[in-house]
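Okay, so here's the structure we're looking at.
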Amino acid sequence: EVDLMKGENRQAEFMTKVNPSGTCPALERDDGTVLAEITAICEYLDENEGSSPLIGTTPEERAETRMWARR
Numbered sequence: 068e069v070d071l072m073k074g075e076n077r078q079a080e081f082m083t084k085v086n087p088s089g090t091c092p093a094l095e096r097d098d099g100t101v102l103a104e105i106t107a108i109c110e111y112l113d114e115n116e117g118s119s120p121l122i123g124t125t126p127e128e129r130a131e132t133r134m135w136a137r138r
């Protein structure tokens, strides 16, 4: 958990341990690797968690979600 209002994502600890670019969101996986782009995080969760889809269930839904996420 990172407090953006306090600028914790810009502190050395966050930038060296979690995400060198200092951007959020960032997802640190159990193996220590970090995903730091919203579409990549959502796709990872969709493919690995098996819960309700975050990106969409059809190619059309996924394309529209990616379109809006990249704006």
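Numbering (my numbering), first residue to last: 68 to 138.
Cβ coordinates follow ideal geometry from the N, Cα and C atoms, glycine included.
Write down the C-beta distance between Val101 and Glu110 rounded to the nearest angstrom, noting that I regard them as a contact closer than 8 Å. Contact doesn't hold; Cβ gap of about 15 Å is too wide.
Backbone secondary structure at Glu131 - three-state DSSP: helix
For Leu121, which three-state DSSP category applies? coil
Three-state secondary structure assigned by DSSP to Glu114: helix
Nearest residue (CA-CA) to Thr90, options Asp113, Arg137, Arg129 and Leu71: Leu71
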